[in-house]
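> Sharing a structure with you now.
2 protein chains.
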Amino acid sequence: MNAPLAIICGGGAFPLAVAEAARRAGRQVVLFPVRGFADTSVEGWPHVWIQIGRFGFLKREMRRLGCRDVVFIGNVLRPRIRDIRFDWTTLKLLPLAFSMLRGGDDHLLTGVGRLFEEAGFRLVGAHEIAPDILVPAGQLGAVAPERRAMDDIAQGRRALAVMGPLDIGQGLVVMNGHVVAVEAAEGTDLMLARVAELRANGRIKAPARCGVLVKQPKAGQDRRFDLPSLGARTVEGVSRAGLAGIAVEAGGVIVADAGELVRAADRAGIFIEGFTREGVET
Amino acid sequence: MNAPLAIICGGGAFPLAVAEAARRAGRQVVLFPVRGFADTSVEGWPHVWIQIGRFGFLKREMRRLGCRDVVFIGNVLRPRIRDIRFDWTTLKLLPLAFSMLRGGDDHLLTGVGRLFEEAGFRLVGAHEIAPDILVPAGQLGAVAPERRAMDDIAQGRRALAVMGPLDIGQGLVVMNGHVVAVEAAEGTDLMLARVAELRANGRIKAPARCGVLVKQPKAGQDRRFDLPSLGARTVEGVSRAGLAGIAVEAGGVIVADAGELVRAADRAGIFIEGFTREGVET
């Protein structure tokens, strides 16, 4: 375990949260920020900038630095093929890459994981390194969900349970038992903005503080990649959409700064509830 | 069958298409346009304007005019309770109405249907009166779907099949096997606008003319209300979203002006395919 941990860093606050957790646990780390996505704040750490499509370079650098375990964390949007400059190693993998790009996100990420494992690295989930980033079970802030919200949560979980196997979204909005928005390629923030807009133009009629954002990982999703996440910006979106709160699967959704999240939710009067997988009513 | 057919008219072109079909079939009609939704062009026909929340008035007028069969057709958005002026008959039904408003659209419409049947009217599907408004099976215009599009259609149908029982949307967009947008409260037009936007900002990466809009009624949906519809505006939205075509369930989706639809699709180079329920691959 003296080998430094390789952290492939996408955008957002998560990469440094994970790096700090690993360092606190006494682990050496090397960051591999992805150009175009990762924040320059990674430069305060041992790091090597990398580019999508240059897997050969990354593999050599990871070996040179003695890395064996590797973590993927942060946002990286699926790139347009013509924007990628491939190196030879990657070019040889292209037929495989193309077949992966045809599937949903899950296939792509599972494929990327396989490539690393075939090259001799061990893929580790960010939450294994930094368990503190996982949302715990129960009520998180000062506000508790009301009875009606609990019903909405149950309905949202039923809907996500049937959609997950089809690799569709990790989130939706339920109001009074009615699913009013489903998240797919647009992501949570844009889905919440849509709900706010549909309320403003009268297309959704519901009293203020009604409805819940429900998020959980897709069934069968490889949790070493791309767990759904939550942050102060989510709280803002939920507040603008006039919802009562947020419900996420405990242990299945990550938060970079839990303190900031809870403060934002309390200020906005919004509940955050971590539900456990066992408790699904059907 | 000499009793005039009552047509409760919401917005859009469908009410007159149905009225004309009924008249062509030798049937007398009386239109009951809903104030705030129906177009004033209904005034060229025998008509009585009605208001949401005034079911007692409607019932009396339908009886006075000797109507027995009643058709619902056209768009009526779910109203905000405080915007409705109820009459006594409706007020007495309010506890029932509130329990209906808590459910999804299906519950609401099924409940409305029950009220009419309890009052002695017979609810008829618009497509029973005007079968021509139903999309037929097979290729509709000049453009045929390619192999890749057929795969996307199959994937979209699988996804809609699992979502329908949960009363979620009647439509979605599939690209390369990946569901990139799911329609819920926003409706088809806004979903298509979203896909166009996600393409424009690079969030969805796919070549032009890739992807399919798939629509079908929800499983168990009462087809006497609210069949999904298609029109020239849908073609416009599909074209702006850069999709290859539209696939809808034959006999399960309505079109007010099929000629106009096909001309628009041909001009835009977009396919329209009516699939049959039997052909679902799972």
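So the protein sequences, as listed, match chains B and E.
Just so you know, the first sequence maps onto residues 1 to 282 in the UniProt record's numbering.
Just so you know, the second sequence maps onto residues 1 to 282 in the UniProt record's numbering.
For every residue, glycine included, the Cβ atom is placed at its ideal position computed from N, Cα and C.
1. In whole angstroms, what is the alpha-carbon distance linking proline 46 (chain E) and arginine 240 (chain B)?
2. Of all the options B:Ile52, B:Ala250, B:Glu117, which has the alpha carbon lying nearest to the alpha carbon of arginine 85 (chain B)?
3. Is valine 112 (chain E) helix, strand or coil by DSSP?
4. Once you ignore the five residues that flank alanine 17 (chain E) on each side, which residues in its own chain have a CB closer than 8 Å to its CB?
5. Exposed or buried, glutamate 43 (chain E), counting other C-beta atoms within 10 Å across all chains shown (16 or more means buried)?
6. Is methionine 163 (chain E) close to chain B, meaning its C-beta is less than 8 Å from at least one C-beta of that chain?
7. Which residue comes first and which comes last in the alpha helix (DSSP H) that contains alanine 258 (chain E)?
8. Less than 8 Å separating the beta-carbons of valine 30 (chain E) and alanine 6 (chain E)?
9. With phenylalanine 275 (chain E) as the anchor, note down where its beta strand (DSSP E) starts and where it stops.
10. What in chain E is Cβ-close to arginine 277 (chain B), meaning under 7 Å?
11. To test your reading of the DSSP string, which unbroken beta strand (DSSP E) runs of 3 or more residues are found completely within the UniProt domain "LpxI C-terminal" (136-272) of chain E?
12. List the residues of chain E that isoleucine 168 (chain B) touches, going by C-beta distances under 7 Å, in chain order.
13. Nearest chain E C-beta to isoleucine 204 (chain B) closer than 8 Å, yes or no?
14. Please state whether the Cβ-Cβ distance between alanine 265 (chain B) and valine 143 (chain B) is less than 8 Å.
15. Could you give the distance in angstroms between the alpha-carbon of arginine 277 (chain B) and the alpha-carbon of proline 217 (chain B)?
16. Taking Cβ to Cβ, would you say valine 179 (chain B) is nearer than 8 Å to alanine 161 (chain B)?
17. Mapping the DSSP letters down to three states, classify alanine 22 (chain E) as helix, strand or coil.
18. Name the DSSP bridge partner or partners of phenylalanine 32 (chain E)?
19. On a CA-only basis, which of B:Arg68, B:Gly138, B:Gly245 is nearest glutamate 117 (chain B)? Give me that one, please.
20. Could you pull the start and end residues of the alpha helix (DSSP H) that arginine 122 (chain E) belongs to?
21. Between the Cα of arginine 157 (chain E) and the Cα atoms of E:Asn75, E:Glu146, E:Leu140, E:Val182, which residue gives the shortest distance?
22. Do you know how far the Cα of glutamine 221 (chain B) is from the Cα of lysine 59 (chain B)?
According to the structure data:
1. One-based indexing of the second sequence puts residue 46 (chain E) at position 46. One-based indexing of the first sequence puts residue 240 (chain B) at position 240. Approximately 46 Å between the Cα atoms of the pair.
2. Position 85 of the first sequence, counting from 1, holds the residue named residue 85 (chain B). The alpha carbon of arginine 85 (chain B) has as its nearest neighbour, out of B:Ile52, B:Ala250, B:Glu117, the alpha carbon of B:Ile52.
3. Translated into the one-based positions of the second sequence, residue 112 (chain E) becomes position 112. Shown here, valine 112 (chain E) sits in a helix according to DSSP, grouped into three states.
4. As a first step, residue 17 (chain E) is located in the second sequence; it is residue number 17 there, counting from the start. So the list reads Ala130, Ile133, Ala256, Asp257, once near-sequence residues are dropped.
5. On the second sequence, position 43 is the one that residue 43 (chain E) refers to. With fewer than 16 Cβ atoms within 10 Å of its Cβ, glutamate 43 (chain E) is classed as exposed.
6. Along the second sequence, one-based indexing puts residue 163 (chain E) at 163. True, the Cβ-Cβ gap to chain B drops below 8 Å.
7. For this step, residue 258 (chain E) is matched to residue 258 along the second sequence. Unbroken alpha helix (DSSP H) run through alanine 258 (chain E): 258-268.
8. Sequence index remark: in the second sequence, residue 30 (chain E) carries index 30 (1-based). Sequence index remark: in the second sequence, residue 6 (chain E) carries index 6 (1-based). Cβ distance < 8 Å, so valine 30 (chain E) and alanine 6 (chain E) count as in contact.
9. Here the question's residue 275 (chain E) lines up with position 275 in the second sequence. Taken as a continuous stretch (DSSP letters only), the beta strand (DSSP E) holding phenylalanine 275 (chain E) covers 271-275.
10. Sequence index remark: in the first sequence, residue 277 (chain B) carries index 277 (1-based). By Cβ distance, chain E contributes nothing, its closest Cβ being about 19 Å from arginine 277 (chain B), past 7 Å.
11. Counting only runs of at least 3 residues, the UniProt domain "LpxI C-terminal" (136-272) of chain E fully encloses the following beta strand (DSSP E) elements, listed from N- to C-terminal order: 171-175, 178-182, 212-215, 245-249.
12. Here residue 168 (chain B) refers to the residue found at position 168 of the first sequence. What isoleucine 168 (chain B) touches in chain E: Ala159, Val179, Val182.
13. As a working note, residue 204 (chain B) is residue 204 in the first sequence. Using beta-carbon distances, isoleucine 204 (chain B) counts as an interface residue toward chain E, with a partner under 8 Å.
14. Here residue 265 (chain B) refers to the residue found at position 265 of the first sequence. Here residue 143 (chain B) refers to the residue found at position 143 of the first sequence. Cβ distance < 8 Å, so alanine 265 (chain B) and valine 143 (chain B) count as in contact.
15. Position 277 of the first sequence, counting from 1, holds the residue named residue 277 (chain B). Position 217 of the first sequence, counting from 1, holds the residue named residue 217 (chain B). For arginine 277 (chain B) and proline 217 (chain B), the distance between alpha carbons rounds to 11 Å.
16. Along the first sequence, one-based indexing puts residue 179 (chain B) at 179. Along the first sequence, one-based indexing puts residue 161 (chain B) at 161. For valine 179 (chain B) and alanine 161 (chain B), no; Cβs fall outside 8 Å.
17. Translated into the one-based positions of the second sequence, residue 22 (chain E) becomes position 22. Looking at alanine 22 (chain E) - three-state DSSP - the assignment turns out to be helix.
18. Within the second sequence, residue 32 (chain E) is the residue found at index 32, counting from 1. Listed as beta-bridge partners of phenylalanine 32 (chain E) by DSSP are E:Ile8.
19. The residue given as residue 117 (chain B) occupies position 117 in the first sequence. Distance from the Cα of glutamate 117 (chain B) is smallest, within the candidate group B:Arg68, B:Gly138, B:Gly245, for B:Arg68.
20. Locating residue 122 (chain E) in the second sequence gives position 122, where the first residue counts as 1. For arginine 122 (chain E), there is no enclosing alpha helix (DSSP H); the enclosing beta strand (DSSP E) covers residues 122-124.
21. Walking along the second sequence from the start, residue 157 (chain E) turns up at place 157. Taking only the C-alpha atoms, the option nearest arginine 157 (chain E) is E:Val182.
22. Walking along the first sequence from the start, residue 59 (chain B) turns up at place 59. Walking along the first sequence from the start, residue 221 (chain B) turns up at place 221. Cα to Cα, lysine 59 (chain B) sits roughly 25 Å from glutamine 221 (chain B).
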